Structure formats: C-alpha cells, structure tokens
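Reading the sequence shown from the start, the letters are residues 4 to 293 in the working numbering. No residue lacks a Cβ here, since even glycine has one placed at the ideal position from N, Cα and C. All values derive from a computational prediction rather than experimental measurement.
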Amino acid sequence: MYHIPVMPLEVSHYLINNPNGLYIDCTFGDGGHTLYLLNNFKNIKIVAFDWDEDVSKRLFKKENLNNRVIFIRENFKNIKRSLLKININKVDGILADLGVSTKQLSNLERGFSFNSSVLDMRMDNRNKLTAKEIVNSYSPEDLADIFYTYGEEYKSRQIAKAIVLRRKTMIINTAIELQKIIYSVKRTRSKKNPATKVFQALRIFINNELKNLETLLFDSHKLLNTGGRIAIISFHSLEDRIVKKNFKHNSDSKIYKIITKKIITPSKIEIKNNCKSRSAKMRVAEKIDV
Ligand SMILES: C[S@@+](CC[C@H](N)C(=O)[O-])C[C@H]1O[C@@H](n2cnc3c(N)ncnc32)[C@H](O)[C@@H]1O
4 MYHIPVMPLE
14 VSHYLINNPN
24 GLYIDCTFGD
34 GGHTLYLLNN
44 FKNIKIVAFD
54 WDEDVSKRLF
64 KKENLNNRVI
74 FIRENFKNIK
84 RSLLKININK
94 VDGILADLGV
104 STKQLSNLER
114 GFSFNSSVLD
124 MRMDNRNKLT
134 AKEIVNSYSP
144 EDLADIFYTY
154 GEEYKSRQIA
164 KAIVLRRKTM
174 IINTAIELQK
184 IIYSVKRTRS
194 KKNPATKVFQ
204 ALRIFINNEL
214 KNLETLLFDS
224 HKLLNTGGRI
234 AIISFHSLED
244 RIVKKNFKHN
254 SDSKIYKIIT
264 KKIITPSKIE
274 IKNNCKSRSA
284 KMRVAEKIDV
C-alpha cells in the first residue's frame, strides 16, 4: 500500500516558483510528492530526504528520473549541513509533509498502528529509544507529561498509572497490549480510537518531531533563493503552531512574505478519496529580497 500524496495540485501551485529550479523534499516517504513534481515540471531537480531505511526506492528504478533526483537518508534537521556536503547552498523551494507514511503505518512490525505486534515507533532505526522502553521504564510522572504535552491527552495521569500498575506483573510488549490498558481507563463514544492521543504523543516524543521541525524552519530561510518558497504540510495543532510562529517571525523580520494568509486544506473531493488527508494543513511563505 503506497502513500497518496496530500494536496499535490496545491503543492505544485504554491511551491514551484522557478520551473528550472532545484527543490528539496524533506519527507520523501513513498516518493508521492517528488514523483508528482518531477512529472509535472520537466526541468526541475529534487534532493529528497528521509531518515527511514525502508522508504520506497521504486522512483529510482525509473531511469529517466534518476538524473533529476538525489536521495539522502538523513534527518531533515541536518538539511543545511547535508546539502553543503554535496555543494548545494541555495535552493528554490523546500517542502515538508510531516508525520508518518502509509507504508510506515501499515507495517505492523514498526509499531505505529494500534494493532502492531511490537512497541517501537522509531522512524529511523539508527536511533535507540523505542516505545517499549518508555512504556516499561519511565516514571508515571514522566509518562503523564509525555501524554499531556505531545498528545493533549486529558486522562494522561490515569493512563500513566494504569500502565505502571500493569507492568508490575508483565512487560508490555506490543501496541495491542498498550491499547488494551488505555481502553481500561478511557472509553469514548466518538469514532476516534481512545488510544489515538497516547500513540501520537509517544511517536512525537520518540522521534523528537517538534524539535526537528523547529530546526528545519530555523535553517530554511538561509537556504532559499529570493523568490524561493517553503511549504509545510502539518497534521496536528502542535506542528501547525510552530510553523505559524516561524513564518510570522520571519515575516516581521522582512525575510518572508506569507503566501497563504488563509491556511490551505484539502478539497472535499480529496478528503472523500483519501480520508487520511482530512486533517492536513498547508502553510507557504516566500523568501523576499532583504
Ligand atoms: C507523511 S510521509 C511523506 C509522504 C510523501 N510526501 C509522499 O507523498 O509519499 C512523512 C515521511 O517523512 C519522514 N520523516 C519524518 N520526519 C523526518 C525527519 N526529521 N527527517 C527525515 N525524514 C523524516 C518519515 O520517515 C516519512 O517517510
């Protein structure tokens, strides 16, 4: 199962300001956006980042695209340093489509989904910290803090207590077991799985997602040519808040012009065809001449 790129038309429209330019896809994933952009703008080139060992390489098999895309397995927070290593110090656009890909979510051995047979949640398996270690060793206070800070989970303390009680008798080994513990504390009538917020919180914490985004945003304006654009697609309010704050700060400092005064969201038709796109929000800014 491959990832359907979110808002491909909108991304093309807002990101591509130079049809002969060099662009960065910070979150290659299944290559959906990279492929779409390369196919629709025949003279652009893309440097794609992803830190997951298991990203789809199908794109590289397409011979005619090979000389137009470079792939770097690296955390996008190191974008500046990584590009310098290949002698790139300016680009025409930067795209980040945050979060996990469909492939990551649907692989039950990665631990991102509720039915996983493991408790892992690392996007980059070179990192050490897993969900299993956190759930089985962190203090109840630290667990509650993570659930509240990164998941805005209002039952964070009760869930943390239940986890600590359960692990006195057994090691919590799988996402399925963790989900059951959360169910024992939290029942909702809504369609949303009651474990959603805790799973989101663990994933964000383990992968240091908010800090990575902040570092990427901090460095991006230094990499953009005048007229170059940055487009960030986020899926929850914590990320969106960081993007909004960075764009506002750079706009006040006369570094960026904010292009999307009104946030861009998927059309009704897109949401109908790809329900995973429903919470996507895109903000775009343009580097201006200082
Ligand atoms: C939502 S998917 C991107 C999907 C892609 N746009 C597509 O259309 O196929 C997000 C991807 O970003 C990667 N990712 C998340 N944070 C990252 C980081 N800090 N550095 C590098 N890659 C990251 C994940 O491993 C995942 O593959």
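One thing to note: F238 has its Cβ no nearer than 8 Å to the Cβ of R286. Residues of the same chain with a CB within less than 6 Å of the CB of I97, apart from the 5 flanking positions on each side, are I27, S223 and I233 in chain order. For the pair L122 and I175, the CB atoms are nearer than the 8 Å cut-off.
Inside the segment 94-125, DSSP marks whole beta strand (DSSP E) runs of 3 or more residues at positions 94-100, from first to last along the chain. Beta-bridge partners of R232 (DSSP): G96 and E289. Between the segment 109-124 and the segment 35-54 there are fewer than three C-beta pairs closer than 8 Å, too few to call the two in contact. Within a 10 Å sphere around the beta-carbon of N78 sit 16 or more other beta-carbons, which makes this residue buried.
The C-beta separation of I262 from E289 comes to about 5 Å, placing the pair in contact by the 8 Å criterion.
Between T133 and I209 the beta-carbon gap is near 7 Å, inside 8 Å, which marks them as a contact.
G96 has its CB no nearer than 7 Å to any heavy atom of ligand 1.
By the neighbour-count criterion, in which a residue is buried when 16 or more other Cβ atoms sit within 10 angstroms of its Cβ, H16 is exposed. For F208, no beta strand (DSSP E) encloses it; the enclosing alpha helix (DSSP H) starts and ends at T199 to I209.
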